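S.K.: Got a structure for you, written out below as structure tokens; questions coming shortly.
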Amino acid sequence: MNKYILCFLICVGFGVNGFCQNDAQTSLKPVQNVYFMKASDGFHYINNNINYTMKFLGENVDYMEGGAFKIQDHLITLIETDYDTSVYNNSKGVAEQKQVLQAYKDSQLKYFEEFSEQKMNFKEEFFSNKDGKLFYLFSIDIPLDKVNTEEDYLQKMNILCFVVNDKLSTISFPLFKSEDEVEKAAYIKALTESVAIFPSKIDIDFLRRRVLNEKDEDLVVNYENEHFQFTVPDYLNVIEMNAVTIWSASFPDVNNVKNAVVIRMVKKEAYESLKAFNKDVFPQGKMGDEDDRMKLLLKEELENTGEINGKSMRFQYMPKGTMRLYHAKKVTFETKTHYVMIMFNATPSTYEGNVKRFDAFLETFKIEK
Numbered sequence: 003m004n005k006y007i008l009c010f011l012i013c014v015g016f017g018v019n020g021f022c023q024n025d026a027q028t029s030l031k032p033v034q035n036v037y038f039m040k041a042s043d044g045f046h047y048i049n050n051n052i053n054y055t056m057k058f059l060g061e062n063v064d065y066m067e068g069g070a071f072k073i074q075d076h077l078i079t080l081i082e083t084d085y086d087t088s089v090y091n092n093s094k095g096v097a098e099q100k101q102v103l104q105a106y107k108d109s110q111l112k113y114f115e116e117f118s119e120q121k122m123n124f125k126e127e128f129f130s131n132k133d134g135k136l137f138y139l140f141s142i143d144i145p146l147d148k149v150n151t152e153e154d155y156l157q158k159m160n161i162l163c164f165v166v167n168d169k170l171s172t173i174s175f176p177l178f179k180s181e182d183e184v185e186k187a188a189y190i191k192a193l194t195e196s197v198a199i200f201p202s203k204i205d206i207d208f209l210r211r212r213v214l215n216e217k218d219e220d221l222v223v224n225y226e227n228e229h230f231q232f233t234v235p236d237y238l239n240v241i242e243m244n245a246v247t248i249w250s251a252s253f254p255d256v257n258n259v260k261n262a263v264v265i266r267m268v269k270k271e272a273y274e275s276l277k278a279f280n281k282d283v284f285p286q287g288k289m290g291d292e293d294d295r296m297k298l299l300l301k302e303e304l305e306n307t308g309e310i311n312g313k314s315m316r317f318q319y320m321p322k323g324t325m326r327l328y329h330a331k332k333v334t335f336e337t338k339t340h341y342v343m344i345m346f347n348a349t350p351s352t353y354e355g356n357v358k359r360f361d362a363f364l365e366t367f368k369i370e371k
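To convert a position in the sequence shown, counted from 1, into this note's numbering, add 2.
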């Protein structure tokens, strides 16, 4: 059975009291192979299946079998689902993204109409959060003949949809007669400002530091053995890395594109000099040259930022065998024991929007003298 139809049946048949109380203070509470992490003012929903988080304000989470939960008097069900990636992927545009979102609405509307055996009214709206991430909110009116109007009956099913990597995240928010429709919509839209989408597995240890950072102190990553440190700004989403010599994060998702920043460290004995390290990590040759990795389209040497003491370069390239264009900025520096490379990688449409943030990130680096 369609899970939102099941949610509908639960809301109609059992009402709010159908939700059972559980231990909401547990920091790692399983919900559909994901969990909540408690903060001082709410709960961070963490989905490391499709790699995103969002924050729900409230003092308690009450769970229900089947994956639904209640927080701050809102009943919520979260479902991840497939979409046709031949119609939309991150090489395509907003029109194709809207197409797959509306196709999901059509499928849900069909389920509800088949269940109700009648046509159902709906409303839809596209909007973006402050980072430019596209969201789709639609609502389906519940026919009065399917509810008990003598009680606080289910009036609408609101469903929020957005692309997370190669999946759709879809979240239902039932609207009961006693609730204010405008306030419900405002609550849903406010939640979208907390959505953080990662290109791969979330670094849970770092996320826990961020969630528990009640004093809003700088989050410093200190590579003591490599003799440098830096501060992670709140907009960078830190990724789990298997190699201790690599640190990586991504910028906020815009149209399913997440610009990356990567830091790689090597011991000095691996190279004769910083010059030799630079020759290895920076693109060589001139515009139009190709090697086994890419075709170089442009390169420009830049002044160093902050305490960066190596080399800085901006360049454009196409990975070998593709027609995709990327813009990048790469810098290097040396410490007492290591050579370090930092690379910011973006698409042509997202480079300018994030390179200033990247430069501000470079300003936080401190190299031990």
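We treat Cβ as the ideally placed atom computed from N, Cα and C, and that holds for glycine. As the structure is a computational prediction, the values presented were derived from the model and not from experiment.
By Cβ distance, which residues of its chain are closer than 6 Å to K135, with the 5 residues on each side in sequence left out?
M.R.: In the sequence shown, counting from the first residue as 1, residue 135 sits at position 133. The residues are D255.
S.K.: Check the DSSP bridge columns for K112 and list the partner residues they point to.
M.R.: One-based indexing of the sequence shown puts residue 112 at position 110. K112 pairs with nothing; no bridge assigned.
S.K.: Across which residues does DSSP place M296 in a beta bridge pair?
M.R.: Along the sequence shown, read from residue 1 onward, the residue named residue 296 stands at position 294. Partner(s): P321.
S.K.: Straight-line CA distance for E274 to M320?
M.R.: Here residue 274 is taken as the residue at index 272 of the sequence shown, counted from 1. Here residue 320 is taken as the residue at index 318 of the sequence shown, counted from 1. Answer to the nearest angstrom: the Cα atoms are 30 Å apart.
S.K.: Which same chain residues, not among the five before or five after L111, have their C-beta less than 7 Å away from its C-beta?
M.R.: Position 109 of the sequence shown holds residue 111. Same-chain partners within the cutoff: M122, F124, I142.
S.K.: Using the three-state DSSP reduction, which class does N311 fall into: helix, strand or coil?
M.R.: As a working note, residue 311 is residue 309 in the sequence shown. Reduced to three states, the DSSP call for N311 is coil.
S.K.: Ends of the beta strand (DSSP E) at G44?
M.R.: The sequence position of residue 44 within the sequence shown is 42, counting from 1. Looking at the DSSP string, the run of the beta strand (DSSP E) that includes G44 is 44-49.
S.K.: If you follow the beta strand (DSSP E) that K125 is part of, which residue opens it and which one closes it?
M.R.: Taking the sequence shown and counting its residues from 1, the one referred to as residue 125 is at position 123. Here the beta strand (DSSP E) through K125 covers 124-130.
S.K.: Using CA coordinates, which residue listed in K269, H76, V259, E305 is at the minimum distance from E185?
M.R.: Counted from its first residue, the sequence shown places residue 185 at position 183. Considering only alpha carbons, the answer is H76.
S.K.: Decide if the region 46-61 is in contact with the region 190-210; the criterion is three or more beta carbon pairs, one per stretch, under 8 Å apart.
M.R.: Because the criterion of three Cβ pairs below 8 Å is met, the region 46-61 and the region 190-210 touch.
S.K.: So is N224 buried or exposed if we call it buried at 16+ other beta carbons inside 10 Å?
M.R.: As a position in the sequence shown, residue 224 is number 222, starting the count at 1. It counts as exposed.
S.K.: Within 10 angstroms of its Cβ, does F367 collect 16 or more other Cβ (buried), or is it exposed?
M.R.: Residue numbering aside, residue 367 sits at position 365 when the sequence shown is read from its first letter. Flag for F367 reads buried.
S.K.: For L139, which beta-bridge partners are listed by DSSP?
M.R.: Along the sequence shown, one-based indexing puts residue 139 at 137. Answer is E127, L162.
S.K.: Quick check on DSSP: helix, strand or coil for A70?
M.R.: On the sequence shown, position 68 is the one that residue 70 refers to. Three-state DSSP puts A70 in coil, outside helix and strand.
S.K.: Mind checking whether I73 and V63 have CB atoms under 9 Å apart?
M.R.: For the purposes of this step, residue 73 is identified with residue 71 of the sequence shown, where counting begins at 1. For the purposes of this step, residue 63 is identified with residue 61 of the sequence shown, where counting begins at 1. Yes, they are a contact pair.
S.K.: Go ahead and label D334 buried or exposed: buried means 16 or more other beta carbons lie within 10 angstroms of its beta carbon, across all protein chains shown.
M.R.: Counting from 1 along the sequence shown, the entry for residue 334 is found at position 332. According to the sequence provided, residue 334 is Thr. The question's Asp does not apply to it. Result: buried.
S.K.: Need the endpoints of the beta strand (DSSP E) that E82 sits in, please.
M.R.: In the sequence shown, residue 82 corresponds to position 80, counting from 1. Start and end: 76-83.
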